[in-house]
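Q: I'd like to ask some things about the structure below.
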Amino acid sequence: MIRLDPPDDGVTMLKETAERFVADRYGLARRGEMLRKPDDQIPVHWADMAGLGWLLAPVPEAAGGLGLPPVQIVALLEVLGAGLVLEPVGPVVMRCAATLARALPDAEAVLAPVLSGGCIEVMAGGEEAAPITAMRDGERVTLAGRAPLVVGGAAARAFWVVARMESAPVLIRVPLEKAGVTRFRLVDGQAAAKVVFDGVSCDAGEVITGCAPALAFGADMGLLGMLAETSGLIDALYRATLEHVKLREQFGRPIGRFQAVQHRMADMFIAREEAQSMVQLAAEAMESADTGFRARLVSAARIKIAGSARAVLRDAVQLHGGMGVTDELPVGHMVKRLLVLTQMGGSRATHLKRFREAA
Amino acid sequence: MTDLLNGAEDEAFRQEIREFVTANLHPGTRDKVARGAPLTREDFARWQQCLFERGWVAPAWPVEHGGPGWSARQRLIADEEMFRQHTPPLPGFGLKMIGPILMRFGTPGQQARFLPGILSGDDWWCQGFSEPGAGSDLASLRTRAVRVAGGWRISGSKTWTTYAQYANWIFCLVRTDPQAKKQQGISMMLVDMASDGFTRRPIRLMDGTEEVNEIFLDDVFVPDDQVVGEINRGWTYAKALLENERFGIGGIGRSKHLLQRVREMADAAGRGADPEVADALAAFEIDIMAVEATTLRLLNAAEAGARIGAETSLLKIRGTEIQQGLTELMLEVAGPAALPERESEGAEAPFENAAYQFLNWRKLSIYGGSNEIQRGILAGQVLGL
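Protein chains in written order, with my numbering: chain A, 1 to 359; chain B, 1001 to 1385.
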């Protein structure tokens, strides 16, 4: 049932821990150093995040996790998003672990090495128009296709490939050695991978079938994670811009005293509030047994938040003036991360369609 | 349309509301609301009578004053469900504005004298705030009250007085201390509209209705027992009044009702499956959802003890932007069918009120503190700019 209650003590504690972590470990200069590490290196705080229990947090207890409800997890991800962290918590934990926990009978054993912070495994799927296919030939199954952009994939030791086999979705684990990986950086500096699976084959027994509900759930959890990070960034940009307009003086007074600026800031505040509402709403909906309701609310949140993000991005840069277009303030970095988050996770048209059709 | 408030208890409550409305709402009124046609005093009064008899007329009032004892969540559901069943939205001047102010700041005598009439609809109240020279800058109002034996004499004028033609009482802001600083010399008074020296001129709006009026007060006598609270504290009461039911200002029920009407028009125009229209409708539904979720979130925070004040201005801004946006989509869907004059030979259902609703609802972003004022409130009181 939708409640939208204020954060409870659990959420508040989780957020405070995360805020301290980000303050201690991140910051523009330190993040810059991290970005200079090799593409295939696991971001340095991954194991520490596991130590804090964050990687186990959203995983169901049956799969060895802590089983925290989505409303608590999104609070954590909002903080990590605002902090521009480079560890792929969203792709690995929200998306991949959430899927595997529901798709595999032995999920606990499979996930343990990842969630203990020792390595990274991520999902890899094709594009909407070009899905990866799996062809069965006797006891062997052969893949064809590529995953053009796998966030968190640069340091992965294996990929969980979402493919279509005999017109049903299946899941196949492909270790790094068998995949054709090309590593590169995204506009925000983080490492990602393009993975080609043409000709990769495995035993038919390794193919996980009947996993459509798990894939759908995992995709929505992954999206929820991205929405939470987006909402966190919106909040961070709002606060940075508010501080800027209070301090920056022109014409003998802070620019925040001008009505044109005030009204834009009011709109930014509204966008922030609505984004936070929609994240919480989608998080609560993830607990609903009604898959149509869940799909509708997650897509609704995605549409609303992507729109808010774009508006906040524009105004945050504009109100920072020249400083807003440099690489020297957090604003520029936040803007680029926001761009990455909103370009992923499906187009507005896709989500509008899903919203309408899931009614 | 997805109901966010859809728990088992919510559904049972919805059902109770639905059944009551189905059994009691006058079919003629229902039809008018469903079509967006103008409503008469009788439409409102008849429905108020039904709600009054059921004990539901003042959802937010405490039980001891005649409220139904609903939770905030139930009030949102009731509002949504009543709109969905095409009930006329009762004007809030008595029920939502002066009633709660009298409960909080009025004397026991004033409460006993006025609250029953507000509930039953025997008294119809209107609001005397704006003046020709005092709109957004309300505190610059100039209508004056001068001390006389046993009371005050008011002279001046008020404007944009909604439904003054139906009303027998008006609550006015008047200047009682011309020397004091702007906000500090203002008092709130309850004025019997049958008093000597009271005249009214209807203002014809661009949609052809006469919803609002100009009011002239020429030495109108107001006895001491019709002054609200203390003299020169009127600005405080006015601010409190505007904060009443502040969680309802997003107008979620109203937005959903309009969305449903636009959807019906799109179907009638053969454009329901047009992807452009379908996407636009879906986007508005999502926008409404965001206002609803934000309303719930702020309301829950307030109930848990957080200080939520000016934040609710965002609900007014977004709610009215959505409603006005929907009237534009309505025009887009109706095309030239929106143009024939209301009730003329050329007018055809369901488009006959589309242009009028678009014109009439321009008011939404102007009244109750214009959206510019609301953004100023957010910037000043919430953002600290």
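A virtual CB, placed ideally from N, CA and C, is assigned to each residue, including glycine.
1. What does residue 256 (chain A) reach in chain B if we use C-beta pairs closer than 7 Å?
2. When Cβ atoms are compared, which residues of the segment 1302 to 1321 of chain B fall closer than 7 Å to chain A?
3. Please report the straight-line C-alpha distance between residue 1234 (chain B) and residue 1224 (chain B), rounded to a whole angstrom.
4. Who are the neighbours of residue 1376 (chain B) on chain A, taking C-beta pairs under 9 Å?
5. Can you tell me whether residue 1223 (chain B) is helix, strand or coil according to DSSP?
6. Around the Cβ of residue 1059 (chain B), are there at least 16 other Cβ atoms within 10 angstroms (buried) or fewer (exposed)?
7. Counting only Cβ-Cβ distances shorter than 7 Å, please list the residues of the segment 188 to 206 of chain A near chain B, keeping chain order.
8. Quick check: the Cα distance between residue 1049 (chain B) and residue 1188 (chain B), rounded to an integer number of angstroms?
9. Decide if the segment 1294 to 1312 of chain B is in contact with the segment 1266 to 1280 of chain B; the criterion is three or more beta carbon pairs, one per stretch, under 8 Å apart.
10. Give the interface partners of residue 280 (chain A) over in chain B, defined as CB-CB distance under 8 Å, in chain order.
11. So does the segment 1329 to 1341 of chain B actually touch the segment 1353 to 1365 of chain B, counting three or more Cβ pairs closer than 8 Å?
12. Do residue 1252 (chain B) and residue 1064 (chain B) count as a contact pair if the criterion is CB distance below 8 Å?
13. According to DSSP, is residue 167 (chain A) part of a helix, a strand, or is it coil?
14. Is residue 1206 (chain B) helix, strand or coil when you go by DSSP?
15. Going along the chain, which residues of its own chain have a beta-carbon closer than 7 Å to the beta-carbon of residue 1126 (chain B), five neighbours each way excluded?
16. Give me the residue from A:63, A:143 and A:224 with the minimum Cα distance to residue 195 (chain A).
17. Quick check: the segment 69 to 88 of chain A against the segment 22 to 40 of chain A, are there 3 or more CB pairs under 8 Å?
18. Going by DSSP, what residues sit across from residue 201 (chain A) in a beta bridge?
19. Do residue 146 (chain A) and residue 197 (chain A) count as a contact pair if the criterion is CB distance below 8 Å?
20. Considering residue 318 (chain A), what are the terminal residues of the beta strand (DSSP E) in which it resides?
21. Closer than 8 Å, CB to CB, is residue 15 (chain A) near chain B or not?
22. Between which two residues does the alpha helix (DSSP H) carrying residue 154 (chain A) extend?
23. Is the number of C-beta pairs between the segment 299 to 313 of chain A and the segment 336 to 355 of chain A that are closer than 8 Å three or more?
24. So, under 8 Å CB-CB, residue 1155 (chain B) and residue 1144 (chain B) are touching, yes? Tell me the CB distance rounded to an integer number of Å.
25. Between A:226, A:209, A:160 and A:150, which has its C-alpha nearest residue 186 (chain A)'s C-alpha?
26. State the DSSP-derived secondary structure class of residue 1324 (chain B), mapped to helix, strand or coil.
27. Around the C-beta of residue 1295 (chain B), are 16 or more other C-beta atoms found within 10 angstroms, so that it is buried, or is it exposed?
28. Residue 321 (chain A): which of A:266, A:344, A:152 and A:261 sits nearest, CA to CA?
29. In the structure shown, what three-state DSSP assignment does residue 338 (chain A) receive?
30. Taking C-beta pairs closer than 7 Å, name the residues in chain B that residue 6 (chain A) reaches, listed in chain order.
31. Applying the criterion that 16 or more other CB atoms from any shown protein chain within 10 Å of the CB defines a buried residue, is residue 200 (chain A) buried or exposed?
32. According to the neighbour-count rule (16 or more other Cβ atoms, all chains shown, within 10 Å of its Cβ), is residue 1107 (chain B) buried or exposed?
33. Using a beta-carbon distance below 8 Å, is residue 1286 (chain B) in contact with chain A?
34. Report back the beta-carbon spacing between residue 297 (chain A) and residue 275 (chain A) to the nearest angstrom; my notes put them in contact at under 8 Å.
35. Would you grab the beta carbon distance between residue 1282 (chain B) and residue 352 (chain A) for me? Rounded to a whole angstrom, and I think it's under 8 Å.
36. How many Å lie between residue 6 (chain A) and residue 278 (chain A) at the Cα?
A: Quick look at the numbers:
1. Neighbours of residue 256 (chain A) across chain B, judged by C-beta separation under 7 Å: 1385.
2. Listed by position, the residues of the segment 1302 to 1321 of chain B near chain A (Cβ gap below 7 Å) are 1304, 1306, 1314, 1317 and 1318.
3. Going by the C-alpha atoms only, they are around 14 Å apart.
4. What residue 1376 (chain B) touches in chain A: 259, 262, 263 and 266.
5. strand
6. buried
7. none
8. 28 Å
9. no
10. 1293 and 1297
11. yes
12. no
13. coil
14. In this structure, residue 1206 (chain B) counts as coil in the three-state DSSP scheme.
15. Answer for residue 1126 (chain B): 1093, 1161, 1162, 1163, 1164, 1167 and 1170, listed in chain order.
16. A:143
17. Touching, per the Cβ criterion.
18. A:142
19. Yes, the pair counts as a contact, with Cβ atoms nearer than the cut-off.
20. Note, residue 318 (chain A): premise wrong, no beta strand (DSSP E); alpha helix (DSSP H) at 291 to 320.
21. Residue-level contact check: residue 15 (chain A) does not touch chain B, since none of the beta carbons of chain B fall below 8 Å from its beta carbon.
22. From DSSP, residue 154 (chain A) is part of no alpha helix (DSSP H); its letter is neither H nor E.
23. yes
24. 6 Å
25. Nearest to residue 186 (chain A) by alpha-carbon distance, out of A:226, A:209, A:160 and A:150, is A:150.
26. helix
27. The residue in question, residue 1295 (chain B), is buried, as its Cβ has 16 or more Cβ neighbours within 10 Å.
28. A:261
29. DSSP places residue 338 (chain A) in helix when its eight states are reduced to three.
30. Those within 7 Å of residue 6 (chain A) in chain B are 1300, 1301, 1304 and 1306.
31. buried
32. exposed
33. Contact of residue 1286 (chain B) with chain A is assigned, a C-beta pair being separated by under 8 Å.
34. Going by Cβ atoms, the distance from residue 297 (chain A) to residue 275 (chain A) rounds to 14 Å, so no, they are not a contact pair.
35. Their Cβ separation, rounded to whole angstroms, is 5 Å, which keeps residue 1282 (chain B) and residue 352 (chain A) in contact under 8 Å.
36. 14 Å
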